[in-house]
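Novice:
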Ligand SMILES: *[C@@H]1O[C@H](CO)[C@@H](O)[C@H](O)[C@H]1NC(C)=O
Ligand SMILES: *[C@@H]1O[C@H](CO)[C@@H](O)[C@H](O)[C@H]1NC(C)=O
Ligand SMILES: *[C@@H]1O[C@H](CO)[C@@H](O)[C@H](O)[C@H]1NC(C)=O
Ligand SMILES: *[C@@H]1O[C@H](CO)[C@@H](O)[C@H](O)[C@H]1NC(C)=O
Ligand SMILES: *[C@@H]1O[C@H](CO)[C@@H](O)[C@H](O)[C@H]1NC(C)=O
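This is the structure:
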């Protein structure tokens with residue numbers, strides 16, 4: 001017996017250790033007669049995990065569904081002392097748990113009933129006590145007994161919760177009999193059940209005769225707690241929402257035993273049921289109408305009741321207030337307070353507030369549903385008005401933005417429409433319109449020109465006093481021009497006269513389209529009109545000037561320089577211009593005029609320019625070339641171009657000139673007188689000066705090199721004259737020295753000696769060739785433009801002749817160097833610096849000299865050159881052609 005008890009307890013312990021997932025006891029109160037399908041109870045399987053469970057009833061009269069519901073299979077009559085069976089719960093791992101089910105028809109603690117452990121059970125069924133029991137206490141509950149009492153004298157002891165742990169002292173046991181007693185009231189909501197332990201002890205040795213047993217006391221629920229509201233009770237719903245729209249859910253709890261009628265709450269509304277309804281079991285409030293209107297009532301307080309026992313009259317209840325707030329939608333357009341508005345405004349005034357137009361809007365203030373936006377739907381075609389919204393009062397502010405004219409419009413009839421920023425919803429009404437009448441008030445105004453800007457077309461050069469137009473003004477009030485006087489305000493060229501009484505415009509001056517006062521063919525004046533009351537008005541007259549062919553083409557640059565270059569005849573570009581417009585202007589035609597026509601030719605004519613070039617080689621001089629230039633209409637005049645042909649510097653300008661072409665007759669005479677005086681002086685020198693040539697070193701301003709300058713006595717017949725060979729050798733050397741200083745030195749020399757050198761040439765001519773050779777060369781260089789080319793030619797010829805003679809006598813080496821020099825020089829240099837070759841000629845040839853050339857003299861005797869070899873032939877050709885040209 002002890003072993004069995006132990007085994008049972010062990011099994012019990014194992015099961016406890018295996019942590020049963022189900023409650024171990026179910027005690028159900030049932031009617032005496034059970035119909036099939038009757039739900040006895042339900043096994044709570046929540047603790048058994050997700051795996052599949054097998055539930056088997058030990059009694060075939062009952063079946064267990066997978067959710068744990070225990071159902072009656074056939075009709076059963078429950079006996080007085082109840083009926084018991086168990087349910088095996090097997091999980092997927094093979095673990096078994098057992099649930100005892102006890103059915104009873106009445107619940108009564110039988111004093112005699114002994115809580116005994118049947119063999120097939122491993123624990124005694126729990127027993128229950130009522131909560132809130134009023135006593136009297138102690139109250140007997142049940143008896144416990146151990147099987148070991150058969151073999152031993154035992155006494156019982158209990159400990160654990162309800163005995164030695166809180167709630168301490170609630171239960172006690174009578175040690176001898178095992179009678180359990182309860183000593184006070186228990187609150188189920190505090191202790192839903194209490195499990196303590198019972199021990200059986202041997203009276204003799206106080207040893208436990210059996211393993212201790214857990215005793216479970218279930219506290220039976222009484223409906224002693226009313227439901228409580230547990231969630232927020234403030235709800236918001238849009239006005240005019242559809243019927244059935246969920247407003248919110250009322251939450252409530254009940255502390256009594258869950259899943260019983262004690263906690264089955266029914267929700268109900270005590271008022272406001274015409275507008276809202278509540279779902280009895282869930283507490284969800286819905287709109288019962290689609291007519292909720294925020295503008296009627298913004299808030300509804302709903303008296304809400306929650307009652308347990310599923311609303312039965314014996315149920316406990318609570319009431320609360322659910323507050324439903326309606327949110328705004330734009331279901332009201334702004335409305336005008338009057339059927340028409342009237343205002344007035346002075347004419348000619350702008351940016352004035354004319355009217356304040358109030359509106360009403362029932363929607364929520366300061367929201368887009370309330371804020372008005374105004375629009376002028378009619379009558380503002382000219383843009384005179386503008387309407388804005390007063391942000392504070394929501395009024396429409398009607399402004400005049402463009403001045404009105406009373407003379408044109410006495411009243412302005414506008415249609416205004418007011419909208420909201422948000423569109424209208426949930427309503428059939430539309431945006432409202434209102435007519436507005438604005439009276440324009442008259443003001444006495446100054447005269448007005450019939451057009452603010454008058455455009456007149458006038459031909460240029462019309463005679464003084466021509467009537468070109470009339471510009472009149474009228475009084476806006478009277479529409480009459482009577483007694484209005486006209487004056488000019490601006491007229492930069494004083495070209496126009498305004499007739500004071502008539503407003504006629506007449507030319508006062510020649511109107512010239514080409515005048516600088518005219519821009520884009522337009523000359524404008526402003527005119528003022530003054531009425532009798534001294535009020536004024538102004539207007540502008542734009543005079544469009546039509547072109548007349550009153551200008552002939554002219555040459556823009558009549559002074560031109562033509563650089564003379566041997567061989568290539570240069571040209572100058574002649575450009576012409578006509579101040580008139582097309583077709584009185586280009587393309588121009590160019591023609592040469594006068595007796596010089598054959599000397600020049602015109603090439604490469606474009607519409608506005610032509611190239612002028614000499615028809616043949618012309619000597620350096622200033623030429624007046626008459627050219628006839630005509631415009632497209634054939635109008636034109638002869639124009640003179642002055643062309644200076646000259647030797648140019650590299651920059652293309654003429655070399656510096658020393659004698660003005662402007663020298664008159666008197667100048668020439670004065671010059672001749674000077675020359676005469678110099679001649680006398682020179683003659684004097686011939687006698688006075690020493691026979692020895694002095695060298696004079698001169699500072700060279702041009703390139704900083706030292707130079708040598710022969711004194712003016714060079715031309716004098718000194719010792720050198722007596723011995724021609726010797727003279728040339730020494731003077732030649734001197735010249736070489738100076739020429740080393742550079743090409744400009746000769747010029748400098750000549751400048752220094754000025755007219756004197758020149759005079760010598762004139763005087764001595766070919767007779768004194770030995771001396772004046774220097775002078776000749778000098779003149780040659782200097783005299784371009786000063787003396788005519790004929791003179792130049794003569795000089796040149798002499799020089800050529802002498803050169804030829806010299807060559808003949810000189811050794812081949814000298815001539816080679818000379819030729820190399822000539823070839824190396826550019827044409828321009830050759831022409832400019834003709835003196836320098838003579839300087840070189842002296843190099844390495846003290847014996848040979850130019851001086852000897854005079855002995856031969858005649859160019860016709862050049863035939864001997866044939867014997868000189870090819871190099872000389874070339875040179876000879878050059879020389880011959882030059883001398884022939886020069887001789888012409
Ligand atoms: C009591 O003792 C008898 C005889 O020894 C034995 O057969 C029986 O099982 C015991 N009972 C218990 C409950 O131990
Ligand atoms: C419901 O009753 C409460 C309390 O009497 C009241 O304040 C509330 O306005 C009522 N609600 C309606 C919709 O009549
Ligand atoms: C018009 O008069 C102005 C001066 O009054 C005079 O200079 C001009 O030449 C005149 N023009 C004509 C076309 O008569
Ligand atoms: C010149 O006048 C013409 C017509 O009168 C106009 O179309 C054009 O824009 C004007 N040009 C300028 C630069 O004012
Ligand atoms: C009149 O001419 C002046 C310059 O001559 C010019 O600045 C002005 O803009 C013109 N007025 C009109 C209206 O064309």
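Residue numbers (the UniProt record's numbering): 1 to 888.
All C-beta atoms, glycine included, are put in the ideal place defined by N, C-alpha and C.
(1) In whole angstroms, what separates the C-alpha of residue 643 from that of residue 649?
(2) Along the beta strand (DSSP E) that carries residue 275, what are the first and last residues, could you check?
(3) Can you give the Cα-Cα distance for residue 171 and residue 201, rounded to whole angstroms?
(4) How big is the Cα-Cα spacing for residue 341 and residue 423?
(5) For residue 241, name the three-state secondary structure that DSSP assigns.
(6) For residue 399, which of 408, 211 and 380 has the nearest alpha-carbon?
(7) For residue 28, which beta-bridge partners are listed by DSSP?
(8) Mind listing which residues have their beta carbon within less than 7 Å of any non-hydrogen atom of ligand 2? Chain order is fine.
(9) Does DSSP put residue 749 in a helix, in a strand, or in coil?
(10) From the DSSP output, read off the bridge partner residues of residue 307.
(11) Tell me which residues share the same chain as residue 629 and place their Cβ nearer than 6 Å to its Cβ, disregarding the 5 neighbours each side in the sequence.
(12) In the DSSP output, which residue or residues are listed as bridge partners for residue 387?
(13) What does the alpha-carbon distance come out to for the pair residue 255 and residue 192?
(14) Suppose you measure from the CA of residue 205 to the CA of residue 144; what does that come to, to the nearest Å?
(15) CA-CA distance, residue 520 and residue 607?
(16) Does DSSP classify residue 22 as helix, strand or coil?
(17) How far does the beta strand (DSSP E) with residue 199 in it reach, from first residue to last?
(18) Is residue 542 near residue 522, with beta carbons less than 7 Å apart?
(19) Between 348, 349, 289 and 266, which has its C-alpha nearest residue 314's C-alpha?
(20) What would DSSP say about residue 546, mapped onto helix, strand or coil?
(21) Looking only at DSSP bridge pairs, what is residue 577 linked to?
(22) Under 8 Å: do the region 386-403 and the region 465-472 share three or more Cβ pairs, one atom per stretch?
(23) Quick check on the DSSP output: the beta strand (DSSP E) that includes residue 563 runs from which residue to which?
(24) Leaving out the 5 sequence neighbours to the left and right, which residues in its chain are closer than 6 Å to residue 419 when beta-carbon positions are compared?
(25) Compare the beta carbon distance of residue 243 and residue 290 with 7 Å and say whether it is the shorter of the two.
(26) Less than 8 Å between C-beta atoms, sequence neighbours within five positions excluded: which residues of the same chain meet that for residue 173?
(27) Can you tell me which of 24, 326 and 392 puts its alpha carbon nearest to the alpha carbon of residue 235?
(28) Name the DSSP bridge partner or partners of residue 374?
(29) Tell me, please, whether the region 591-602 touches the region 544-562 by the rule of three or more beta-carbon pairs shorter than 8 Å.
(30) Helix, strand or coil: which one does DSSP assign to residue 595?
(31) DSSP three-state call for residue 671: helix, strand or coil?
(32) Does DSSP put residue 187 in a helix, a strand or coil?
(33) Go ahead and label residue 22 buried or exposed: buried means 16 or more other beta carbons lie within 10 angstroms of its beta carbon, across all protein chains shown.
(34) CA-CA distance, residue 185 and residue 329?
(35) Three or more C-beta pairs under 8 Å: does that hold for the region 437-446 against the region 400-415?
(36) Can you confirm whether the region 475-490 touches the region 524-539 when touching is taken to mean that 3 or more C-beta pairs between the two stretches lie within less than 8 Å?
Specialist: Per the coordinate set shown:
(1) In the chain shown, the residue the question calls residue 643 occupies position 643. In the chain shown, the residue the question calls residue 649 occupies position 649. Distance between the alpha carbons of residue 643 and residue 649: 17 Å.
(2) As a working note, residue 275 is residue 275 in the chain shown. Note, residue 275: premise wrong, no beta strand (DSSP E); not H, not E.
(3) Walking along the chain shown from the start, residue 171 turns up at place 171. Walking along the chain shown from the start, residue 201 turns up at place 201. Rounded to the nearest angstrom, the two C-alpha atoms are 19 Å apart.
(4) Numbered from its first residue, the chain shown carries residue 341 at position 341. Numbered from its first residue, the chain shown carries residue 423 at position 423. Cα to Cα, residue 341 sits roughly 25 Å from residue 423.
(5) If you number the chain shown from 1, residue 241 lands on position 241. Residue 241: coil per DSSP, three-state reduction.
(6) Within the chain shown, numbered from 1, the residue matching residue 399 stands at position 399. It is 380 whose Cα lies nearest to the Cα of residue 399.
(7) By 1-based counting over the chain shown, the position of residue 28 is 28. Note: residue 28 sits in a beta bridge opposite 103.
(8) 270, 271, 272, 275, 300, 301, 302, 303 and 321
(9) Position 749 of the chain shown, counting from 1, holds the residue named residue 749. Any reading at residue 749 needs caution, since the residue's pLDDT is 34, under 50, leaving its predicted position unreliable; the model's value is listed next. In the structure shown, residue 749 sits in a helix (DSSP, three-state: H, G or I).
(10) Position 307 of the chain shown, counting from 1, holds the residue named residue 307. DSSP lists 266 and 317 as partners of residue 307.
(11) Position 629 of the chain shown, counted from the start, is the residue given in the question as residue 629. These residues qualify, in order along the chain: 553, 576, 588, 590, 636 and 639.
(12) Numbered from its first residue, the chain shown carries residue 387 at position 387. Partner(s): 398.
(13) For this step, residue 255 is matched to residue 255 along the chain shown. For this step, residue 192 is matched to residue 192 along the chain shown. Going from the Cα of residue 255 to the Cα of residue 192 covers about 11 Å.
(14) Stepping through the chain shown from its first residue, residue 205 is reached at position 205. Stepping through the chain shown from its first residue, residue 144 is reached at position 144. Spanning the two alpha carbons is a distance of roughly 21 Å.
(15) Against the chain shown, residue 520 aligns to sequence position 520. Against the chain shown, residue 607 aligns to sequence position 607. The alpha-carbon atoms of residue 520 and residue 607 are separated by roughly 23 Å.
(16) By one-based count along the chain shown, residue 22 stands at place 22. Reduced to three states, the DSSP call for residue 22 is coil.
(17) To locate residue 199, count along the chain shown from 1; it is residue 199. Looking at the DSSP string, the run of the beta strand (DSSP E) that includes residue 199 is 193-202.
(18) By 1-based counting over the chain shown, the position of residue 542 is 542. By 1-based counting over the chain shown, the position of residue 522 is 522. The answer is yes: Cβ separation under 7 Å.
(19) Looking up residue 314 in the chain shown gives position 314. That would be 266, whose Cα lies nearest to the Cα of residue 314.
(20) Within the chain shown, the letter at position 546 stands for residue 546. Reduced to three states, the DSSP call for residue 546 is strand.
(21) Here residue 577 refers to the residue found at position 577 of the chain shown. Bridge partners of residue 577: 554.
(22) no
(23) Position 563 of the chain shown, counting from 1, holds the residue named residue 563. Unbroken beta strand (DSSP E) run through residue 563: 559-563.
(24) In the chain shown, counting from the first residue as 1, residue 419 sits at position 419. So the list reads 373 and 431, once near-sequence residues are dropped.
(25) On the chain shown, position 243 is the one that residue 243 refers to. On the chain shown, position 290 is the one that residue 290 refers to. Yes.
(26) In the chain shown, residue 173 corresponds to position 173, counting from 1. Only 144, 156, 157, 158, 179, 180, 181 and 198 meet the Cβ criterion.
(27) Here residue 235 corresponds to residue number 235 of the chain shown, with the count starting at 1. Nearest option by C-alpha distance: 326.
(28) Numbered from 1 along the chain shown, position 374 holds the residue referred to as residue 374. Partner(s): 418.
(29) no
(30) Within the chain shown, numbered from 1, the residue matching residue 595 stands at position 595. Residue 595 falls in the helix class under three-state DSSP.
(31) Position 671 of the chain shown, counting from 1, holds the residue named residue 671. Residue state, collapsed to three classes: helix.
(32) Within the chain shown, the letter at position 187 stands for residue 187. Of the three classes helix, strand and coil, the one that applies to residue 187 here is coil, per DSSP.
(33) The residue you call residue 22 lines up with position 22 of the chain shown. So residue 22 counts as buried.
(34) Counted from its first residue, the chain shown places residue 185 at position 185. Counted from its first residue, the chain shown places residue 329 at position 329. Straight-line Cα distance between these residues: approximately 59 Å.
(35) yes
(36) yes
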